[in-house]
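Asks: Numbered by this note's numbering, the letters in the sequence shown go through residues 1 to 214 in order. Every residue gets a Cβ at the ideal spot worked out from N, C-alpha and C, and that includes glycine. My questions all concern the structure below.
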Amino acid sequence: MLVAPSLLSANFANLQADFEILNSSNADYLHVDVMDGVFVPNISIGFPVIKAIQRLARKPLDVHMMIVEPQKYISQVRDCGAEIMNVHFEACTHLNRVVHEIKEAGMKAGVTLNPATPVFMLEDIISELDLVLIMSVNPGFGGQAFIENSLNKVSRLRRLIEASGSHALIEVDGGVNEMTGAALSKAGADILVAGSYVFKAPDPMKAIDTLKSL
Ligand code: DX5
Ligand code: ZN
Numbered sequence: 001m002l003v004a005p006s007l008l009s010a011n012f013a014n015l016q017a018d019f020e021i022l023n024s025s026n027a028d029y030l031h032v033d034v035m036d037g038v039f040v041p042n043i044s045i046g047f048p049v050i051k052a053i054q055r056l057a058r059k060p061l062d063v064h065m066m067i068v069e070p071q072k073y074i075s076q077v078r079d080c081g082a083e084i085m086n087v088h089f090e091a092c093t094h095l096n097r098v099v100h101e102i103k104e105a106g107m108k109a110g111v112t113l114n115p116a117t118p119v120f121m122l123e124d125i126i127s128e129l130d131l132v133l134i135m136s137v138n139p140g141f142g143g144q145a146f147i148e149n150s151l152n153k154v155s156r157l158r159r160l161i162e163a164s165g166s167h168a169l170i171e172v173d174g175g176v177n178e179m180t181g182a183a184l185s186k187a188g189a190d191i192l193v194a195g196s197y198v199f200k201a202p203d204p205m206k207a208i209d210t211l212k213s214l
């Protein structure tokens, strides 16, 4: 299992300390949540902070854009050194174009689905995606309870990926812990995002290893 700790639950008053843990941990990515107060009812961080994160992080950045019109910021996300740029299906009128622009900018293209958006909406784009991010909470806040139906969505997405011959990875974000993570692993997830489970743990490195072993 690949693991992407979400910085949203880190200590923003002392990011350096959390980076010392993350950099020496077995985490595979660093998940960075960008919120605009329009697409989701919260505002998080923007490019000046992500640039600082880029300097501190020795893990590839997985940037989750919870904003309207994410296509406007592709080159800025690239300039922050992101390996993966995740845009919401619900925020893109011309998703095909956005996916191609992300790839042309040299990043892996990820498409994120809100809890109420069905997996079949990706049928005609799945073969072009590097990753699909299934939201297992309504985006905007850390520490929310896992929505159980996400397990069905991951299984359905796994079947869609296999049927289409796509190489897309399945990432899941929201309410991930040891229990929900184990169920997600069974359902076919490749990458688990975890915020509060990692950063509120007495030993974050151990929490990352627990998820990795699922
Ligand atoms: C929520 C964010 C998540 C958040 C997850 O909208 O996209 O990445 O940090 O937090 P937990 O793991 O606490 O649910
Ligand atoms: Zn996220």
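Tell me whether the region 50-58 and the region 95-108 touch, counting them as touching only if at least three CB pairs, one residue from each stretch, are closer than 8 Å.
Replies: The answer is no - the region 95-108 does not touch the region 50-58, with fewer than three Cβ pairs under 8 Å.
Asks: Mapping DSSP to helix, strand and coil, what is residue 77?
Replies: The sequence position of residue 77 within the sequence shown is 77, counting from 1. In the structure shown, residue 77 sits in a helix (DSSP, three-state: H, G or I).
Asks: Among all the DSSP beta bridges, which residues are the ones paired with residue 192?
Replies: What you label residue 192 is simply residue 192 of the sequence shown in a count that begins at 1. Bridge partners of residue 192: 3 and 172.
Asks: Buried or exposed, going by whether 16 or more other CB atoms sit within 10 Å of the CB of residue 9?
Replies: Here residue 9 corresponds to residue number 9 of the sequence shown, with the count starting at 1. Classification of residue 9: buried, given that the 10 Å Cβ count is 16 or more.
Asks: Residue 112 and residue 167: beta carbons closer than 8 Å?
Replies: As a working mapping, residue 112 is identified with position 112 in the sequence shown. As a working mapping, residue 167 is identified with position 167 in the sequence shown. No, they are not a contact pair.
Asks: So what does DSSP say about residue 108, is it helix, strand or coil?
Replies: Working through the sequence shown from its first residue, we reach residue 108 at position 108. It is a strand residue.
Asks: Can you have a look at residue 171 and say buried or exposed, based on whether 16 or more other CB atoms are within 10 angstroms of its CB?
Replies: Residue mapping note: residue 171 aligns to position 171 of the sequence shown, counting from 1. So residue 171 counts as buried.
Asks: Specify which residues have a beta carbon nearer than 6 Å to any heavy atom of the ligand ZN, listing them in chain order.
Replies: Here the list is 6, 31, 33, 64, 173 and 193.
Asks: Tell me the rounded alpha-carbon separation between residue 218 and residue 31.
Replies: Limits of the chain in this structure are 1 at one end and 214 at the other, which puts residue 218 out of reach.
Asks: Just verifying my parser: in three-state terms, what is the DSSP assignment at residue 50?
Replies: For the purposes of this step, residue 50 is identified with residue 50 of the sequence shown, where counting begins at 1. Residue 50: helix per DSSP, three-state reduction.
Asks: Which first and last residues belong to the alpha helix (DSSP H) in which residue 130 is found?
Replies: Position 130 of the sequence shown holds residue 130. Neither: residue 130 is in no alpha helix (DSSP H) and is coded neither H nor E.
Asks: Restricting to Cα atoms, I'd like to know which of 214, 182, 89 and 71 is closest to residue 131.
Replies: Taking the sequence shown and counting its residues from 1, one reaches residue 131 at position 131. The shortest Cα separation from residue 131 among 214, 182, 89 and 71 belongs to 89.
Asks: What residue does the alpha helix (DSSP H) around residue 23 start on, and which one ends it?
Replies: Counting from one through the sequence shown, the residue named residue 23 turns up at place 23. 15-24 is the span of the alpha helix (DSSP H), which, as asked, contains residue 23.
Asks: Note down the Cα distance separating residue 179 from residue 117, rounded to an integer number of angstroms.
Replies: Position 179 of the sequence shown, counting from 1, holds the residue named residue 179. Position 117 of the sequence shown, counting from 1, holds the residue named residue 117. Cα to Cα, the separation comes out at about 24 Å.
Asks: For residue 213 versus residue 175, is the C-beta spacing smaller than 8 Å?
Replies: Counted from its first residue, the sequence shown places residue 213 at position 213. Counted from its first residue, the sequence shown places residue 175 at position 175. Contact: no.
Asks: Return the chain-ordered list of same chain residues with a C-beta closer than 8 Å to the C-beta of residue 140, the five sequence neighbours on each side being excluded.
Replies: As a first step, residue 140 must be located in the sequence shown, where it is residue number 140. Result list for residue 140: 35, 40, 41, 42 and 66, in chain order.
Asks: So is the beta-carbon of residue 24 under 7 Å away from any non-hydrogen atom of the ligand DX5?
Replies: Start at 1 with the first residue of the sequence shown, and residue 24 comes out as number 24. No; taking the cut-off as 7 Å, the Cβ of residue 24 has no heavy atom of the ligand DX5 nearer than that.
Asks: What residue does the alpha helix (DSSP H) around residue 160 start on, and which one ends it?
Replies: Here residue 160 refers to the residue found at position 160 of the sequence shown. Segment 150-164, the alpha helix (DSSP H) holding residue 160.
Asks: In whole angstroms, what separates the C-alpha of residue 74 from that of residue 191?
Replies: Numbered from 1 along the sequence shown, position 74 holds the residue referred to as residue 74. Numbered from 1 along the sequence shown, position 191 holds the residue referred to as residue 191. Rounded to whole angstroms, residue 74 to residue 191 spans 23 Å at the Cα level.
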